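Participant: Before I ask anything, let me first share the structure, which is written out below as structure tokens.
In my numbering, the protein residues as written are 131 to 375.
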């Protein structure tokens, strides 16, 4: 039996925090955050951008894979916003949504929505079942938002970048300065703990247990898990196909 020996690398950047904070502000109840405070932060955005992000964040994950693949040394929040701006408008949604768990059927369904700018009950079922199997079922409204976005990816990509830039300027620039020292001290503490407790060290019973989860040949220490309601009302999802907004 081969032995898996993970190698740790340390990535101190604020790009992750930019997208994680955006996710948390739109799902405050899942993180013990006061909804009124989260709503107050979101209210700094122009109303059109605020409403757009509320729809987008109902289905978008934190794009950990894309952030990790940004060039080393260029993973601060401003770097991520700049990198997203360089991606063709119609490809931004796919970039932000992609995970290694996407199946060929799921990917083909999304591309079909984009090419026809509409969707069928069968395609809705493919999308619903995909998220259900992953343990993160989408609520009917979130499923509708996802379908509208994929039916109009260029419009979505343009509006998302605009809203993200506003969020960065109106809120996160200030927050970034506050959390930088905390990130640095946290990274230092993690290094100390890693030096004391090598990954894969045997437990008290002598059984070797991995300290991290192997993921596509790389190591990730955590994953954001999104959970919503399980029911789906297809009648309400087969309307409103004119655009995302």
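Built from N, CA and C at the ideal position, the CB exists for glycine as well.
Since the model is a prediction, treat every value here as computed from it, not as a measurement.
Ignore the nearest five residues each way along the sequence and tell me which others in residue 201's own chain have a CB closer than 7 Å to its CB.
Facilitator: Counting only Cβ-Cβ distances below 7 Å, and skipping sequence neighbours, we find nothing.
Participant: Can the beta-carbon of residue 149 be found closer than 9 Å to that of residue 289?
Facilitator: No, these two residues do not count as a Cβ contact at 9 Å.
Participant: By how many angstroms is the C-alpha of residue 322 removed from the C-alpha of residue 143?
Facilitator: Each residue's Cα considered, the two are about 19 Å apart.
Participant: When the Cβ atoms of the region 244 to 252 are set against those of the region 296 to 310, are three or more pairs found closer than 8 Å?
Facilitator: Segments in contact, no.
Participant: Using three-state DSSP, classify residue 185 as helix, strand or coil.
Facilitator: Three-state DSSP puts residue 185 in a helix.
Participant: Find out if the Cβ-Cβ distance for the pair residue 189, residue 273 is shorter than 9 Å.
Facilitator: Cβ distance < 9 Å, so residue 189 and residue 273 count as in contact.
Participant: With a Cβ-Cβ cutoff of 9 Å, do residue 239 and residue 257 count as a contact?
Facilitator: Against a cut-off of 9 Å, the Cβ pair of residue 257 and residue 239 comes out as a contact.
Participant: Have a look at residue 241 and residue 254 and give me their C-alpha separation to the nearest angstrom.
Facilitator: The alpha-carbon atoms of residue 241 and residue 254 are separated by roughly 13 Å.
Participant: Leaving out the 5 sequence neighbours to the left and right, which residues in its chain are closer than 7 Å to residue 291 when beta-carbon positions are compared?
Facilitator: Result list for residue 291: 214, 215 and 222, in chain order.
Participant: Classify residue 178 as helix, strand or coil using the three-state DSSP reduction.
Facilitator: Residue 178 falls in the helix class under three-state DSSP.
Participant: Quick one: is residue 302 buried, meaning 16 or more other Cβ sit within 10 Å of its Cβ, or exposed?
Facilitator: It counts as buried.
Participant: Please classify residue 193: is it buried, with 16 or more other beta-carbons within 10 angstroms of its beta-carbon, or exposed?
Facilitator: Classification of residue 193: buried, given that the 10 Å Cβ count is 16 or more.
Participant: Please determine, among 179, 162 and 160, the residue with the shortest C-alpha to C-alpha distance to residue 300.
Facilitator: Per the Cα distances, 179.
Participant: Since residue 187 and residue 156 are thought to touch, with beta carbons under 8 Å apart, how far apart are those beta carbons, to the nearest angstrom?
Facilitator: Indeed, because the Cβ distance is near 4 Å, the residues count as touching under 8 Å.
Participant: In chain order, what residues of the same chain have a beta carbon less than 7 Å from the beta carbon of residue 209, not counting five sequence neighbours either side?
Facilitator: For residue 209, where only same-chain residues beyond five positions count, the Cβ hits under 7 Å are 145 and 200.
Participant: Could you spell out the range, first to last residue, of the alpha helix (DSSP H) harbouring residue 241?
Facilitator: Per DSSP, residue 241 belongs to the alpha helix (DSSP H) from 234 to 246.
Participant: In this structure, does DSSP put residue 161 in helix, strand or coil?
Facilitator: Three-state DSSP puts residue 161 in coil, outside helix and strand.
Participant: Assuming residue 211 and residue 294 form a contact by the criterion Cβ under 8 Å, report the distance between their Cβ atoms to the nearest whole angstrom.
Facilitator: Confirmed, about 6 Å.
Participant: Run through DSSP, which three-state label would residue 269 get?
Facilitator: Residue 269 falls in the coil class under three-state DSSP.
Participant: In terms of residues, what are the limits of the alpha helix (DSSP H) holding residue 287?
Facilitator: Run containing residue 287: 283 to 297, per the alpha helix (DSSP H) assignment.
Participant: Quick check: the Cα distance between residue 219 and residue 227, rounded to an integer number of angstroms?
Facilitator: If you take the alpha carbons of residue 219 and residue 227, they lie about 14 Å apart.
Participant: Three-state secondary structure (DSSP) at residue 231?
Facilitator: Correct three-state label for residue 231: coil.
Participant: Given a threshold of 16 other Cβ atoms within 10 Å of its Cβ, counted over all protein chains shown, does residue 196 qualify as buried or as exposed?
Facilitator: That one is buried.
Participant: Roughly how many angstroms separate the alpha carbons of residue 251 and residue 277, rounded to a whole number?
Facilitator: Cα to Cα, residue 251 sits roughly 11 Å from residue 277.
Participant: Please name the residue, chosen from 320, 326, 217 and 327, that lies closest to residue 385 on a Cα-to-Cα basis.
Facilitator: For residue 385 there is no data in the structure shown, the boundaries of the chain being 131 and 375.
Participant: Give every residue of the same chain whose Cβ lies closer than 7 Å to the Cβ of residue 235, excluding the five residues on either side of it in the sequence, and list them in chain order.
Facilitator: The residues are 256.
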